[in-house]
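All residue numbers for the sequence shown refer to numbering that gives the first Met the number 0, where the first residue is 0 and numbers rise by one.
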Amino acid sequence: MMKYTPRPLRGMRFYMVKASIMEMVLACLIFFTQYRVLPNKKSLAVVCYGPSSIFSQDVCFYAFFTLLIFGCESVLSIAHTIYYQCRNADRTSKTLPLPVIILQTSITFIPLFVLQMLIIMMKKDFAAVQEETELLHPDVRNSGGVVSGFAEMYDPLNIIAVGVLGLIIYGTPFFSIHCKRIIYQRLFAYEASISQRTRENAKTFIRALNFQAMIPAICYIPPFTIFVYNQYFGSEMPLTSLIIPLTISIPTIIHPAITLYFIQPYRRAVMAFIKRDRLRRRSSIFPSNDDNSKY
């Protein structure tokens, strides 16, 4: 991104780098925890099977908590990138001053700070969580995972935390779609006077925004809705504990792929790297005539 970002997109390079960092950290945390989420009657169990299970319940709990924070920030980073494009639809090459970037970035941290404070203030009773989990999910006892989680999901602090998560997860796609409509109106406000190439580039840009806006809607809304239903309104659905981690991890693959595909300089750089790698392997297998003449 630092080397191949085209001039019209250099103004939003910071936001793309930020989103990429969040997704890389999120992928590492998913591997570190390898968790399952098991809703109980009163508690919510988080069972970790990854490297975090080597350590204590506290490490597993705070690793999952950190994963939750970075997952939310990953969603907000996508929305923040689209918002920047909305504010600067006709001047995306303009680089904002550092104080403005810090101010705009810090706004996305406000709901995460609230969520962090709520989780820190919650009462933690891992023994009660483990007892209820082993009673309702006997298979956990012999699974080898480390059980931690939230002891009282009907506590006001927990309900507020779930509400903040819902606001982020449900609100981000609608906000992104609204910004996309504004961008579309600005780009095509003078459609008759723009060239065919500019029109095609604008359409490609809009398609990329559509994919970006739909990532949270597809990958976060269904598992969160299933979790809320299981925890507060109904019984547990089959395979829910496996579907939730899977769908949350999908954006760490899809979003970078979308960025590489729709931004042509990135796509060309990746294809050039692949071609160079193929040529290097081919030359190592089939030496050139000059190399053969040495023998």
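For every residue, glycine included, the Cβ atom is placed at its ideal position computed from N, Cα and C.
Item                                                                                            : Value
Span of the alpha helix (DSSP H) around P222                                                    : 220-227
Presumed contact (8 angstroms Cβ cut-off) between Y183 and K41, rounded CB distance             : Their Cβ separation, rounded to whole angstroms, is 47 angstroms, which puts Y183 and K41 out of contact at 8 angstroms.
7 angstroms CB neighbourhood of A214 in its chain, flanking five on each side removed           : Residue identity differs from the one stated: residue 214 is Ile in this sequence, not Ala. Answer for I214: I77, P250, I253, H254, listed in chain order.
Residue range of the beta strand (DSSP E) that includes S147                                    : 145-149
C-beta contact flag for A160 and K123 at 8 angstroms                                            : no
CA-to-CA distance, C85 to M15, given in whole angstroms                                         : 15 angstroms
Beta bridge counterpart(s) of A44 as assigned by DSSP                                           : L37, G148
Candidates Q211, P172, V24, R140, of which the one nearest L67 by Cα                            : V24
Candidates Y260, F30, L164, F226: closest to V113 by CA position                                : L164
Beta-carbon proximity list for F63, same chain, < 6 angstroms, skipping 5 on both sides         : T32, Y34, V45
Cβ neighbour criterion (16 or more within 10 Å) applied to K17                                  : buried
Whether Q211 touches S147 by CB criterion (8 angstroms)                                         : no
Proximity of I247 and C218 at Cβ, strictly below 8 angstroms                                    : yes
Assigned secondary structure, G49 (DSSP; H/G/I helix, E/B strand, else coil)                    : coil
Same chain, Cβ closer than 7 angstroms to A127, five either side skipped, listed in chain order : S42, A150
Whole-angstrom distance between I176 and L208, CA atom to CA atom                               : 8 angstroms
Same chain, Cβ closer than 8 angstroms to T132, five either side skipped, listed in chain order : L37, N39, S42, A44, V46, V139, V146, G148
Pairwise C-alpha distance: T171 and F71                                                         : The question names Phe, but residue 71 is Cys in the sequence shown. Using only the alpha carbons, I get a separation of about 10 angstroms.
N-terminal and C-terminal residue of the alpha helix (DSSP H) that P137 is part of              : Element bounds for P137: n/a, residue is neither H nor E.
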